[in-house]
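Here our numbering is used: the sequence shown runs in plain steps of one and ends on residue 165. Glycine included, every Cβ here is placed at the ideal spot set by N, Cα and C. Every value quoted in this text rests on a predicted model; they were computed, and no experiment measured them. Shown next, in structure tokens, is the structure this report addresses.
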Amino acid sequence: IPKRDWSSDVCSSDLVGADAWAADANAAFGIITGWPDAGPVLATPAVPVPVEVDLLRRDRPLVVAGAIAEVAARVPSVREAPDGLHRIEVELAALVDVAGAALMLDDPSVLGEQVAWVARHFDAYDLSPATLDAALGALAEAARNQGHGVAATLLDSAR
Numbered sequence: 007i008p009k010r011d012w013s014s015d016v017c018s019s020d021l022v023g024a025d026a027w028a029a030d031a032n033a034a035f036g037i038i039t040g041w042p043d044a045g046p047v048l049a050t051p052a053v054p055v056p057v058e059v060d061l062l063r064r065d066r067p068l069v070v071a072g073a074i075a076e077v078a079a080r081v082p083s084v085r086e087a088p089d090g091l092h093r094i095e096v097e098l099a100a101l102v103d104v105a106g107a108a109l110m111l112d113d114p115s116v117l118g119e120q121v122a123w124v125a126r127h128f129d130a131y132d133l134s135p136a137t138l139d140a141a142l143g144a145l146a147e148a149a150r151n152q153g154h155g156v157a158a159t160l161l162d163s164a165r
């Protein structure tokens, strides 16, 4: 896992147990091929996964399904777009995963960066910013309905 500082006061890669850092793919290959077959010893112990993240991961299908139903009701035009609901479903599932990562790292900017990327992705598929906003709102509401208040607040803040 490449190390990357997502904030000035914590190296998030250490929190997820990154074993090494490399500036590019060639350097990473050199590091990895130098490891013994058993793999490296962790430089820092991995942080336990918070209960909220485990529960969010467990309920991901329910959260995404609830959000998709809500998006279809709020934005009927997405049902008419080729693969519109499927594309939104794929992106929302990824956003649930990234929200879990942001919670684990205690860094909301991780989700903010992903939402910015998804906005560009939605634009490429001719899905409007309003559709993304409705999808994020629906995702936050579905998370809240499944008892994931912390994740719902994080998702709301990313809108």
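| query | result |
| --- | --- |
| Is the region 132-148 touching the region 59-79, taking contact as three or more C-beta pairs under 8 angstroms? | yes |
| Have a look at VAL102 and TRP41 and give me their C-alpha separation to the nearest angstrom. | 33 angstroms |
| Can you give the Cα-Cα distance for ASN151 and THR50, rounded to whole angstroms? | 36 angstroms |
| Suppose you measure from the CA of VAL3 to the CA of SER115; what does that come to, to the nearest Å? | Not covered by the structure: residue 3. The range shown for the chain is 7 to 165. |
| Would DSSP call SER83 helix, strand or coil? | helix |
| Counting only runs of 4+ residues fully inside the region 106-151, write out the alpha helix (DSSP H) ranges in chain order. | 115-130, 135-151 |
| Whose CA, out of GLN120, THR159, MET110, SER163, lies closest to the CA of PRO54? | MET110 |
| Confirm, please, whether the CB-CB distance from ALA122 to LEU62 is below 7 angstroms. | no |
| Could you spell out the range, first to last residue, of the alpha helix (DSSP H) harbouring GLY153? | It is not in any alpha helix (DSSP H) - GLY153 carries neither H nor E in the DSSP assignment. |
| Short of 6 angstroms in beta carbon distance, which residues of its chain neighbour ASP43, apart from the five on each side in sequence? Order them along the chain. | none |
| In the structure shown, what three-state DSSP assignment does VAL55 receive? | coil |
| Does DSSP classify ALA78 as helix, strand or coil? | helix |
| Roughly how many whole angstroms lie between the Cα atoms of ILE94 and ARG66? | 14 angstroms |
| Going by the CB atoms, is the gap between LEU161 and ALA105 shorter than 7 angstroms? | yes |
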